[in-house]
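Student: Structure below; questions to follow.
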Amino acid sequence: MAIQIKTVETEEELTGIQQLQAANLRKNISTSEAAEQGFLMAEYTLDFLRDMHAESPSIIAKEDDRVIGYALVAVKKIRDHHALLADLFNTIDQIYYQDTLLKNSNYVVVGQLCVDKQYRGIGLVQKLYGHFKTTLSASYEYCITDVAQANQRSLKAHQKTGFQVIDTLTYEGISWDIVLWDWHKYTSL
Numbered sequence: 054m055a056i057q058i059k060t061v062e063t064e065e066e067l068t069g070i071q072q073l074q075a076a077n078l079r080k081n082i083s084t085s086e087a088a089e090q091g092f093l094m095a096e097y098t099l100d101f102l103r104d105m106h107a108e109s110p111s112i113i114a115k116e117d118d119r120v121i122g123y124a125l126v127a128v129k130k131i132r133d134h135h136a137l138l139a140d141l142f143n144t145i146d147q148i149y150y151q152d153t154l155l156k157n158s159n160y161v162v163v164g165q166l167c168v169d170k171q172y173r174g175i176g177l178v179q180k181l182y183g184h185f186k187t188t189l190s191a192s193y194e195y196c197i198t199d200v201a202q203a204n205q206r207s208l209k210a211h212q213k214t215g216f217q218v219i220d221t222l223t224y225e226g227i228s229w230d231i232v233l234w235d236w237h238k239y240t241s242l
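According to the working numbering, the sequence shown is numbered sequentially starting from 54.
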């Protein structure tokens, strides 16, 4: 069966997101795998994923009934429900982009992005982000997220999509690049 890119619709899909997340958390993989393949830092409960989904469904890649990738949609309304996201939103709100304080802009945050190890390198990041943009660009000017500076694989994938580094932040001793995708500037994908 072909890979399907779509928005989350079922509880089983949310559970699939959580399972893929657990398999890729930095605490659950080796240091060498984290350096080579990338890693996730934020751990989200199923209840929190439900809260995110209720505000704006996330984007997933599925093959048959299995979630093989996702891009979580984090809107301002859920910002204070998770410490890492709260810090990211608070930092974003203090950044200027094109002479405008982002706090005064309409933006959406990628709460987390992950692709199953077996499916990396086949363009799923761009497909997930393409659907993300198609679904959300009518409502938001910018798409923003952060990427651990040690996660060069992820940073390159984001830059290939159209994201640019606009600032940095440090959280729990880890340096992060804050990246922004200007949906009015970059029309391709």
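Using N, Cα and C, we set each Cβ at its ideal position, and we do this for glycine too.
Quick caveat: nothing in here was measured; it's all calculated off a predicted structure.
Look at the Cβ atom of Cys167, then the Cβ atom of Leu99, and state whether they are nearer than 8 Å.
Tutor: Counting from 1 along the sequence shown, the entry for residue 167 is found at position 114. Counting from 1 along the sequence shown, the entry for residue 99 is found at position 46. The answer is no: Cβ separation not under 8 Å.
Student: Applying the criterion that 16 or more other CB atoms from any shown protein chain within 10 Å of the CB defines a buried residue, is Ile175 buried or exposed?
Tutor: Sequence index remark: in the sequence shown, residue 175 carries index 122 (1-based). Per the 10 Å Cβ criterion, exposed.
Student: How long is the line joining the alpha carbons of Tyr224 and Gln147, rounded to whole angstroms?
Tutor: Counting from one through the sequence shown, the residue named residue 224 turns up at place 171. Counting from one through the sequence shown, the residue named residue 147 turns up at place 94. Straight-line Cα distance between these residues: approximately 16 Å.
Student: Give the range of the beta strand (DSSP E) segment to which Leu166 is assigned.
Tutor: Taking the sequence shown and counting its residues from 1, one reaches residue 166 at position 113. Taken as a continuous stretch (DSSP letters only), the beta strand (DSSP E) holding Leu166 covers 160–168.
Student: Does the ligand ADP have even one heavy atom less than 7 Å from the beta-carbon of Asn77?
Tutor: Absence of the ligand ADP is noted for the structure shown, with no ligands found whatsoever.
Student: If I follow the unbroken beta strand (DSSP E) through Glu116, where does it start and stop?
Tutor: Locating residue 116 in the sequence shown gives position 63, counting from the first residue. Start and end: 112–116.
Student: Three or more beta-carbon pairs under 8 Å between the segment 181–199 and the segment 228–235, yes or no?
Tutor: Touching, per the Cβ criterion.
Student: Which residues in the same chain as Val161 place their Cβ atom closer than 8 Å to its Cβ, once the five residues preceding and following it in sequence are excluded?
Tutor: Locating residue 161 in the sequence shown gives position 108, counting from the first residue. So the list reads Ser109, Val126, Ala127, Val128, Leu189, Ser192, Tyr193, Tyr195, Cys196, Ile197, once near-sequence residues are dropped.
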